[in-house]
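Residue numbering for the sequence shown follows the working numbering, beginning at 66 and increasing consecutively.
The structure appears below as structure tokens.
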Amino acid sequence: MTYTFLEPYTFKNGVTAKNRIVIPPMTEGSALYDGTVSQDELNFFAKRAGDAGIFISPVAYVTENGKGFAGQLSITDDKYLSRLSEMAQAMKKGGSLAILQIFHAGRRAFVAPEKLEGASAIASGIPGSQTPRELTGEEVEDIIKAFGEATRRAIQAGFDGVEIHGANHYLIHQFFSAKSNQRTDKWGQERSRFGLAIIEACRKAIKEAGASQFLLGYRFSPQEKGEKGFHLKDTLAFVNQLADAEIDYLHLSQDDVWDVPNDEPAGSDNVVKQVLATINQRKPLIIVGGISTPQEAQEAKETGAEFVALGMQYLREPQWVAKVEAGQEDRIRYTMPDEAAAREVGINPFMYRYMQEDLGKPITQAPKQ
């Protein structure tokens with residue numbers, strides 16, 4: 066079988082990914098207490114480096130009030146640059162493009178209740194959630210600037226790009242949702258404005274650094290299944306704006322790559338097909354969701370998306386592409402039976418338990434084949 070995901074891809078700025086496979090951002094909760102990159106994380110990255118064409122980091126927070134969970138990376142200050150530089154080098158070893166994902170958690174932040182802030186003073190739908198304080202207009206502008214500063218630091222640290230995390234119910238997503246954004250100022254009247262302003266701030270930092278080959282990506286959710294603060298039609302209108310914005314790629318966040326719209330008649334085109342039609346080849350797209358085998362990756366690639374991401378599978382098998390290229394598909398690891406097996410692939414006991422218990426994603430479970 067011919068696998069087109071093994072082909073290289075060259076972005077418009079001249080940067081080349083050696084194949085079309087992506088390691089997406091995965092929370093592993095192993096940074097030090099203050100957000101510094103830990104040795105365990107460096108080991109985790111080193112085990113997976115050089116396999117996928119693009120390697121996206123776990124998300125890093127851009128302001129102290131934007132921290133989303135314990136054990137998360139920080140890019141809030143220049144003091145983190147030395148260790149972030151080691152991280153970038155570990156991820157790039159072997160030829161992968163190292164992308165640092167950046168975000169602000171908003172009302173889902175892991176901070177004291179009095180520091181919790183959001184687009185509006187509306188609690189999330191998670192039981193027991195605290196009500197955040199609505200950000201002032203000046204504070205919104207400060208957060209936008211913080212994304213620009215994070216981009217500057219990522220460039221200085223030696224990353225090949227940053228990905229703005231606009232998905233999964235965090236602050237940028239919260240500004241886009243009518244459920245969580247009920248502001249009456251310009252940040253509420255046009256809910257896509259916040260994400261677009263962050264893109265501008267990051268692009269400005271790239272230009273000021275003269276980093277013409279530094280990539281800028283944007284991750285987004287297609288729809289809200291629970292709160293339903295926006296639907297696919299709203300997202301497609303935003304995707305049309307993103308496709309004309311100064312970014313290098315888009316990253317569609319889904320649990321299942323074959324998801325269908327939750328508010329359209331049966332038989333409607335799936336989400337990926339509609340997003341691709343809207344982009345209309347203006348930007349490359351990364352798709353993700355439940356892909357484990359080479360056959361599944363090829364099927365996903367044949368949708369027309371330029372890149373295919375494998376998340377949980379890269380926890381189990383750090384050398385996925387290498388084994389496909391070597392004709393050793395029968396040696397790809399699809400299970401992780403215990404902590405000993407996890408240690409073999411650079412996952413320490415804490416990281417293993419975090420992924421098993423806190424994330425609710427059993428990495429020992431074999432995928433459907």
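Virtual Cβ for every residue (Gly too), placed ideally from N, Cα, C.
Can you list, in chain order, the residues of its chain with a C-beta nearer than 7 angstroms to that of residue i? Leave out the 5 residues immediately preceding and following it.
i       : result
Ala-96  : Val-102, Ser-103, Glu-106, Gly-136, Gln-137 and Leu-138
Gln-339 : Leu-297 and Leu-301
Ala-174 : Asn-130, Gly-131, Lys-132, Gly-133 and Leu-181
Ala-211 : Val-127 and Thr-128
Asn-233 : Ser-286 and Ser-318
Arg-268 : Leu-281 and Glu-311
Asn-335 : Trp-323, Asp-324 and Val-325
Asp-250 : Gly-202
Can you list, in chain order, the residues of its chain whose CB lies under 6 angstroms from that of residue i, leaving out five sequence neighbours each side?
i       : result
Tyr-98  : none
Thr-92  : Pro-123
Val-205 : Trp-252
Met-401 : Arg-381, Ala-407, Ile-428 and Thr-429
Ala-274 : Ile-220
Tyr-419 : Gly-94
Lys-366 : Thr-69, Phe-70 and Val-373
Arg-148 : Thr-101 and Val-102
Which residues in the same chain have their Cβ closer than 8 angstroms to the Cβ of residue i, if we skip the five residues on either side of it in sequence?
i       : result
Lys-158 : Ala-111, Ala-114 and Gly-115
Asp-309 : Arg-347
Trp-385 : Ile-86, Asp-116, Ala-117, Leu-375, Gln-378, Tyr-379 and Ile-397
His-230 : Pro-90, Val-124, Gln-166, Ile-167, Phe-168, Ile-237 and Arg-284
Asp-328 : Gln-288, Lys-293, His-296 and Leu-297
Would you grab the beta carbon distance between residue i and residue j for me? Rounded to a whole angstrom, and I think it's under 8 angstroms.
i       : j       : result
Leu-71  : Glu-390 : 6 angstroms
Leu-281 : Leu-162 : The pair is not a contact, with the Cβ atoms about 12 angstroms apart (cut-off 8 angstroms).
Tyr-235 : Ala-170 : 5 angstroms
Ile-121 : Glu-228 : 6 angstroms
Tyr-74  : Thr-81  : 7 angstroms
Gly-213 : Ala-266 : 4 angstroms
Phe-295 : Gln-288 : 7 angstroms
Ile-209 : Ile-271 : Ile-209 to Ile-271, Cβ: 15 angstroms. No contact.
Asn-108 : Gly-411 : 5 angstroms
Going by DSSP, name the residue or residues bridged to residue i.
i       : result
Ser-139 : Tyr-126
Glu-93  : According to DSSP, Glu-93 bridges with nothing at all.
Tyr-74  : Ala-82
Ala-163 : Phe-120
Gly-183 : Glu-199
Gly-231 : Phe-285
Ile-352 : Val-373
Tyr-314 : Gly-282
Ile-88  : Phe-120
Phe-168 : Tyr-126
Gly-226 : Ile-164 and Leu-280
Quick one: give me the first and last residue of the alpha helix (DSSP H) that residue i is part of.
i       : result
Gly-282 : Here Gly-282 belongs to no alpha helix (DSSP H); instead the beta strand (DSSP E) covers 280-285.
Glu-422 : Glu-422 -> no alpha helix (DSSP H), and no H or E assigned at all.
Gly-253 : 251-254
Glu-382 : Glu-382 -> no alpha helix (DSSP H), and no H or E assigned at all.
Met-152 : 146-157
Glu-329 : That residue, Glu-329, is in no alpha helix (DSSP H); it is neither H nor E in DSSP.
Asn-305 : 297-309
Lys-132 : No alpha helix (DSSP H) contains Lys-132, which DSSP labels as neither H nor E.
Thr-368 : Note, Thr-368: premise wrong, no alpha helix (DSSP H); not H, not E.
Thr-343 : 336-344
Asp-105 : 104-113
Arg-258 : 258-273
May I ask whether a heavy atom of the ligand HEM can be found less than 8 angstroms away from the beta carbon of residue i?
i      : result
Glu-93 : As far as ligands go, the structure on display features none, and thus does not contain the ligand HEM.
Count Cβ pairs between the region 100-113 and the region 199-208 that sit closer than 8 angstroms; are there 3 or more? By the Cβ criterion, the region 100-113 is not in contact with the region 199-208, since fewer than three pairs of Cβ atoms, one from each stretch, lie closer than 8 angstroms.
Contact between the region 308-328 and the region 349-360 (3+ Cβ pairs under 8 angstroms)
With a cut-off of 8 angstroms, the region 349-360 and the region 308-328 count as touching, because enough Cβ pairs lie within range.
Check whether the region 221-229 touches the region 159-179, counting contact only when three or more Cβ pairs, one atom from each stretch, lie closer than 8 angstroms.
-> With the cut-off at 8 angstroms, the region 221-229 and the region 159-179 touch.
### Message
With three or more beta-carbon pairs closer than 8 angstroms as the criterion, would you say the region 375-390 touches the region 73-93?
### Response
yes
Quick test of the definition: if touching needs 3 or more C-beta pairs under 8 angstroms, does the region 177-191 touch the region 138-150? no
Contact between the region 341-349 and the region 367-378 is defined here as three or more beta-carbon pairs at a separation below 8 angstroms; is this criterion met? yes
Discussion item. Check whether the region 259-269 and the region 234-246 are in contact - that is, three or more C-beta pairs closer than 8 angstroms.
Written reply: yes
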